[in-house]
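> One structure follows; several queries about it will come next.
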Amino acid sequence: MKISEMRNVFAFCLGSLALLAGCGGFTEDVNGNIVEGTPADVNQMESRYARARFMESGPIIVDEVHDSVTLIYETIGDCRKDNGSFFYDPNYYYSYSRTYAYSFRGDTLLLTHHYVPDTYEVDQTEFDESFVLVGGTPGKLDGIWFWTQCRYREERMYCGNDNYDTYIKFDGGKMEYRIADRDSFDYIETPFMGELYRFMNDSYSTIDFGDIFYHDDTEYWRESNDISILDKTNRSVTYVSENRIFNLYVNYASSMDSVSVTLTSEGVTCVGEYKYIEMTPPELCNEDNADYIWGEGTGHSNYIKTNRLEFEACINGILGRSRE
Numbered sequence: 001m002k003i004s005e006m007r008n009v010f011a012f013c014l015g016s017l018a019l020l021a022g023c024g025g026f027t028e029d030v031n032g033n034i035v036e037g038t039p040a041d042v043n044q045m046e047s048r049y050a051r052a053r054f055m056e057s058g059p060i061i062v063d064e065v066h067d068s069v070t071l072i073y074e075t076i077g078d079c080r081k082d083n084g085s086f087f088y089d090p091n092y093y094y095s096y097s098r099t100y101a102y103s104f105r106g107d108t109l110l111l112t113h114h115y116v117p118d119t120y121e122v123d124q125t126e127f128d129e130s131f132v133l134v135g136g137t138p139g140k141l142d143g144i145w146f147w148t149q150c151r152y153r154e155e156r157m158y159c160g161n162d163n164y165d166t167y168i169k170f171d172g173g174k175m176e177y178r179i180a181d182r183d184s185f186d187y188i189e190t191p192f193m194g195e196l197y198r199f200m201n202d203s204y205s206t207i208d209f210g211d212i213f214y215h216d217d218t219e220y221w222r223e224s225n226d227i228s229i230l231d232k233t234n235r236s237v238t239y240v241s242e243n244r245i246f247n248l249y250v251n252y253a254s255s256m257d258s259v260s261v262t263l264t265s266e267g268v269t270c271v272g273e274y275k276y277i278e279m280t281p282p283e284l285c286n287e288d289n290a291d292y293i294w295g296e297g298t299g300h301s302n303y304i305k306t307n308r309l310e311f312e313a314c315i316n317g318i319l320g321r322s323r324e
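FYI, in the working numbering the residues of the sequence shown are 1 to 324.
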């Protein structure tokens with residue numbers, strides 16, 4: 001799941017971004033267990049919510065007759081481009097909505113959406129999918145809910161294990177959602193590390209720092225690229241590739257925000273950095289940042305800055321190869 005695929009956390013796996021691509025960490029939970037990482041003490045929900053980072057808000061429409069709720073996500077102000085020049089328009093407005101049927105199973109809130117595939121998708125099967133929320137008041141929509149990484153499809157539960165916790169607060173006619181990083185998340189078992197292992201043997205492949213937020217089993221990439229692990233924690237790994245020892249350390253990683261990693265080998269240090277800002281702020285909306293502003297002229301713009309090419313070139317230097 002790319003960063004861009006996380007924007008609609010609550011539309012998560014429902015829109016064209018297919019958290020099934022980004023839901024790469026989803027596995028079937030045949031026992032019906034709620035996702036790992038669910039707060040053990042839901043009474044701490046308010047304090048957890050208060051510490052989480054604000055992401056998005058908007059009005060909601062509740063239809064109690066049909067037990068449905070429509071979440072409306074709003075963008076007010078955005079970086080625009082006109083005749084080749086960037087400018088910030090504080091009056092720009094854009095919104096989109098998702099409608100769910102809601103129901104309660106004891107202290108669990110289920111938000112159900114009928115998924116209709118886009119015409120370009122190979123699988124044209126329609127299905128109902130229910131997202132699992134816990135921690136609120138049974139039978140009452142208003143309140144703070146923990147949006148787990150679990151969902152039901154045809155009564156089977158599938159759960160993810162990515163690096164963020166998601167909270168949503170329903171309060172009368174409005175909602176607000178926030179996310180918080182998981183301290184115990186294993187950054188070494190991610191698509192990013194799989195890409196790094198592959199790059200060791202294939203200089204024409206690429207490394208995406210944004211993929212460090214999502215869980216993935218890297219066993220295939222280790223075995224297919226002859227990677228031997230010497231030591232590992234959830235934020236660091238020492239491995240052997242091409243008869244060289246590499247040390248990778250995750251300095252910083254915050255979902256939908258930024259990444260910093262350090263890779264060292266044979267006295268050479270390669271630093272990888274990535275910065276993502278949802279909806280480009282006024283201070284960055286200018287020609288100096290033209291290479292980093294994406295999506296202007298659509299629903300919203302993003303600021304994405306990375307030194308991926310420099311990081312890859314540094315690794316190539318360690319391995320004594322070049323990419324023409």
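In this text, a Cβ means the ideal position worked out from N, Cα and C, and glycines have one as well.
#1: What distance in whole Å lies between the Cβ atoms of residue 75 and residue 93, which are believed to be in contact at a cut-off of 8 Å?
#2: Do the region 103–113 and the region 129–144 make contact, defined as three or more Cβ pairs closer than 8 Å?
#3: For residue 171, which residues of its own chain have a beta-carbon under 7 Å away from its beta-carbon, when the five flanking residues on both sides are left out?
#4: Please report the distance separating the alpha-carbon of residue 189 from that of residue 275.
#5: State the DSSP-derived secondary structure class of residue 316, mapped to helix, strand or coil.
#6: Can you grab the Cα-Cα spacing for the pair residue 279 / residue 302, in whole Å?
#7: From residue 180 to residue 257, what distance separates their C-alpha atoms?
#8: Work out the CA separation of residue 155 and residue 310 for me, nearest whole Å.
#9: Which two residues bound the contiguous beta strand (DSSP E) that contains residue 98?
#10: Tell me whether residue 185 sits in a helix, a strand or coil according to DSSP, three-state version.
#11: Under a Cβ-count criterion, where at least 16 other Cβ atoms within 10 Å of its own Cβ denotes burial, should residue 127 be classed as buried or exposed?
#12: If you follow the beta strand (DSSP E) that residue 302 is part of, which residue opens it and which one closes it?
#13: What separation, rounded to the nearest whole angstrom, lies between the Cα atoms of residue 147 and residue 122?
#14: Could you give the DSSP three-state label for residue 212: helix, strand or coil?
#15: Just reading off the beta strand (DSSP E) that residue 80 is part of, what are its end residues?
#16: Could you check what DSSP says for residue 149 in three-state terms: helix, strand or coil?
#17: If you draw a straight line from the alpha carbon of residue 72 to that of residue 210, how long is it in whole angstroms?
#18: Determine the closest residue to residue 158 out of 320, 129, 252 and 138, with distance taken between C-alpha atoms.
So, to answer that:
#1: Yes, residue 93 and residue 75 are in contact; Cβ-Cβ is about 7 Å, under 8 Å.
#2: Cβ pair count under 8 Å is three or more, so yes.
#3: Exclusion of the five residues before and after residue 171 leaves 142 as the residues of its chain whose Cβ lies within less than 7 Å of its Cβ.
#4: Looking at the two C-alpha atoms, the distance is approximately 21 Å.
#5: In the displayed model, residue 316 falls within a helix according to three-state DSSP.
#6: About 5 Å.
#7: Spanning the two alpha carbons is a distance of roughly 11 Å.
#8: Looking at the two C-alpha atoms, the distance is approximately 47 Å.
#9: Residues 85–105.
#10: Here residue 185 sits in coil by DSSP.
#11: That one is exposed.
#12: Per DSSP, residue 302 belongs to the beta strand (DSSP E) from 302–306.
#13: Here the C-alpha atom of residue 147 lies approximately 29 Å from the C-alpha atom of residue 122.
#14: Per DSSP, reduced to three states, the secondary structure at residue 212 is helical.
#15: Following the DSSP letters along the chain, one finds residue 80 inside the beta strand (DSSP E) bounded by residues 68–82.
#16: Assignment of residue 149 by DSSP, reduced to helix, strand and coil, places it in the strand class.
#17: Taking the straight line from one Cα to the other gives about 26 Å.
#18: Comparing alpha-carbon positions, the option among 320, 129, 252 and 138 lying closest to residue 158 turns out to be 129.
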